[in-house]
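Just so we're aligned, residue 251 is where the sequence shown starts under the working numbering, counting upward by one. Glycine residues also receive a C-beta, built at the ideal position from the N, C-alpha and C atoms. Note that the structure is predicted; figures quoted are calculated from it, not measured. Some notes on the structure that comes next.
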Amino acid sequence: MSAHNGSLESIKNEVIHCVLCGLSTTRTNAVPGSGSITRKIILIGEAPGKNEDETGSPFVGSAGKILDQALICARIERKEIYITNVVKCRPPNNRVPTEEEIGICTSEYLKKEIDIILPKIICILGATALKSLLGLKYMTTYRGKIVNRPPLKYFITYHPAATIYNNKLKQIFFEDIQKLAKIVNAQDQTMDKFFPT
Ligand code: SF4
């Protein structure tokens with residue numbers, strides 16, 4: 251195991267036992283980030299839902315299935331990317347996490363996950379992640395676009411849960427994930443050109 255994966259492993263263990271905010275009292279399981287640093291891509295959603303709370307794994311319910319389909323269409327291997335949430339425990343009745351919960355959880359875990367992975371790109375899934383990470387409010391303004399906050403680069407799209415009952419949004423989401431793949435592939439090709447193996 252690499253040092254990076256080792257550090258992620260220790261964050262995972264801390265998350266599993268975390269009681270730093272009130273969500274620890276209502277969750278079934280905390281849901282740490284999951285995946286690998288191979289492609290240096292991080293996808294960040296809002297919070298675990300019912301299925302995630304039951305299993306302890308991120309994006310395994312209906313929204314996760316849509317995400318899986320979009321990744322397959324874009325030829326991105328889920329096992330090569332890292333998927334996590336702004337908060338790691340399910341808010342009761344899937345309410346939006348509070349600013350306090352977001353503040354505690356991101357400074358304790360999400361920021362460390364980003365520092366360890368040093369991603370080429372962070373894909374923000376949905377309005378809560380957009381506001382929490384970038385302080386930006388309007389999904390419609392930023393969706394499908396890149397926001398540069400050096401040294402980090404963000405790509406913005408919908409949360410897949412928002413597309414479950416809306417085929418038009420689902421199609422846009424699929425197109426956005428394909429766009430993400432193109433951005434990352436173009437970056438990889440540039441790196442190959444300057445640093446051939
Ligand atoms: S939401 Fe985050 S800070 Fe709150 S208990 Fe869960 S892991 Fe800890």
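Minimum Cα-Cα distance from Leu375 among the listed residues Thr305, Leu383 and Lys262 corresponds to Leu383. Rounded to whole angstroms, the gap between the alpha carbons of Arg399 and Ser257 is 24 Å. In terms of side-chain proximity, the C-beta atom of Lys300 is found no nearer than 7 Å to any non-hydrogen atom of ligand 1. Annotation for Ser274 indicates a beta carbon within 7 Å of some heavy atom of ligand 1. A residue is called buried when at least 16 other Cβ atoms come within 10 angstroms of its Cβ; Lys395 does not meet this threshold and is exposed. Within the model, the alpha-carbon separation for Asp426 versus Ala377 is close to 15 Å. The three-state reading of DSSP puts Tyr404 in strand, counting E and B together. In this structure, Arg328 places its C-beta atom within 8 Å of the C-beta atom of Gly285. Taking C-alpha positions only, Glu358 is separated from Ser274 by approximately 14 Å. In the three-state reduction of the DSSP assignment, Ile414 falls in the coil class.
No residue range can be given for Leu270, since it is assigned to no alpha helix (DSSP H) and is classified by DSSP as neither H nor E. Boundaries for Thr390: no beta strand (DSSP E) harbours it, while the alpha helix (DSSP H) harbouring it runs Met389 to Tyr392, taken from the DSSP string. Taking the Cα of Pro282 as reference, the smallest distance to any Cα among Arg289, Ala320, Val336 and Asp318 is reached at Val336. In the three-state scheme derived from DSSP, where H, G and I count as helix and E and B as strand, Val336 is classed as coil. DSSP, read as helix, strand or coil, puts Ile261 in helix. Spanning the alpha carbons of Ala320 and Glu330 requires a straight line of approximately 15 Å. As for any beta strand (DSSP E) of minimum length 3 sitting wholly inside the region 277 to 320, the runs are 291 to 295, ordered along the chain. Beta-bridge annotation (DSSP): Arg328 is not paired with any residue.
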